[in-house]
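Residue numbers (the working numbering): 2 to 398. Just below is one structure, and these are the notes that go with it.
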Ligand code: TXA
Ligand code: MG
C-alpha cells in the first residue's frame, strides 16, 4: 500500500501545468505507473521502454499478461523508437504538407513516416486523426519490450489529443504505455475519482485533468491487414475512416467481415487479445435488451417496463441504464435509473456517460442492471460493443 496523491491541473494554464506534473514525471521515470487523463478514458501510464515499469502496470491492474498495452506518443519523432524502419533505402514519397488533410505537423515531422514501415494508405489517416482517439497497429522494433505487446510483433500506438497527456509524455521524454486505469474487468474510468476508486493505494500519483471528453476507449485499427480492419470501434467512426480507407472492415464475431482463414486464426489467437476477456463488467448481472433497428420504440419501451415491473413486484432491486430519462419509477425504493443523455440523438453524450453510468448502477448494488441497445451507427457501434461486453445476458425483443 502506498499513499496516493491526486494532482489536480484543472483550470491551470499550460505553463503552470508542467511544474505541477514534476513529481509524477519523476515517479514515472523511477519506474512507477501514474494515472493519466486522456480524451478517451483515464490511462495507467508507465515508461514503454522499461519492461519492469510495464510489468508493474499489469500488477497494479491485475491484468492478464497476454493482453498487450497501447503506447502513447507526443510527437511523430517518437515513432522512430517504436516502429520498424523500412529495410530498403527510404523512398521519399510525394507526401507534401499541401496534400495533407490536417497539417498540424511540420513537414520535417511528417517526413519521419516515410522511413518507417507504415502502410502508405495509413499515412493520411494518421495525419488526419492524430492527435486523437485512434490507435494503430504497426510493426514493432526491439526497443519495445515483449511485455508491452504480449509477445506480438506489432505495437499499438496512439497520439492522444488531451493536452495534459501530451505534456506528461513530453516531460517524461519517453513514450508511455497505458491501458485504461481501471482494475481489470471494471468499467474504464472517465474521471480521476473513478481511478482513485479502483487504484487508491496502488499508485503514487493520479493526475486529475477533468472528465474524459469522449468517454469510450480509442478506435483500434489494424492497418497491417489488407483491407484494414477495425478491431475495436470508437469515436473515430467507421464512416470517418471510410473517407480515407474506402475498403475498411469492422471485426464482429460471427459476421462475414473476415475471410474464412482470418476467422479461423482469430479463434485460435485473437488479433486483439483484449477481445476474449469479459470487460467493463459491473458486479451485478447486466441484462441487455437487444432490438432490431426496425422495431417500434414504444413497443420496446413497453416490453422493458413490463419486465421491470415484474422484477420490482418480486422485490428485486433494479438499476436501469436508459438512453434517455424514462417515466418516474413506480417503486422508488427498489428502482434506480441512470439516463445516458437527454435526447436520443445525442450519441456523443451517451458515449461520454456510459462508463460512469455502469459504475453508478453497480454502486447501488442492484439484483439486476437493465440496459438496452442503441442504433449501431457512428458512435452507436462503439457504445454497443461496450454494452455487449458488459452484459451477462442478452434478450432479443
Ligand atoms: O483510449 C484508449 O485506447 C485508452 C487510453 C488510456 O489511451 N487505452 C485503452 O487501453 O483502452 P486498454 O489496454 O484498455 O485497451 C487496449 C486494447 C486491448 O483490447 C488490447 O488487446 C489491444 O488494445 N492491443 C494492444 N496492443 C495490441 C497489439 N499489438 N495487437 C492487437 N491488439 C492490441
Ligand atoms: Mg481497458
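Heads up, the beta-carbon is just placed ideally off N, CA and C, and yes, glycines get one too.
- Relative to ligand 2, the nearest heavy atom lies less than 7 Å away from the CB of residue 189.
- Under the three-state reduction of DSSP output, residue 227 falls in the coil class, being neither helix nor strand.
- Within 7 Å of the C-beta of residue 65 there is not a single heavy atom belonging to ligand 2.
- 375 is the residue among 375, 303, 338 whose C-alpha sits nearest the C-alpha of residue 347.
- The beta carbon of residue 178 sits closer than 6 Å to those of 47, 49, 55, 70, 72, 149, all from its chain and outside the five residues before and after it, given in chain order.
- Not one heavy atom of ligand 2 sits closer than 7 Å to the Cβ of residue 132.
- Setting aside the 5 residues that flank it on each side, residue 225 is surrounded in the same chain by 120, 138, 139, 140, 155, each with a C-beta closer than 8 Å to its C-beta; the list follows chain order.
- The three-state secondary structure of residue 178, taken from DSSP, is strand.
- According to the DSSP secondary-structure assignment, residue 117 is paired through a beta bridge with 86.
- For the pair residue 152 and residue 44, the Cα-to-Cα distance works out to about 21 Å.
- Across the structure, residue 22 and residue 58 are spaced so that their CA atoms are roughly 19 Å apart.
- DSSP, reduced to helix, strand and coil, places residue 299 within a helical segment of the structure shown.
- Listed in chain order, the non-local C-beta contacts of residue 182 below 6 Å within the same chain comprise 36, 43, 44, 45, 190, 196, local neighbours out to five positions each way being set aside.
- Within its own chain, the residues whose Cβ lies closer than 7 Å to the Cβ of residue 113, once the five positions on either side in sequence are excluded, are 77, 78, 80, 81, listed in chain order.
- Counting along the chain, residue 73 sits inside the beta strand (DSSP E) bounded by residues 71 to 73.
- When C-beta atoms of the stretch 365 to 374 are compared with those of the stretch 204 to 215, fewer than three pairs fall below 8 Å, so the two segments do not count as touching.
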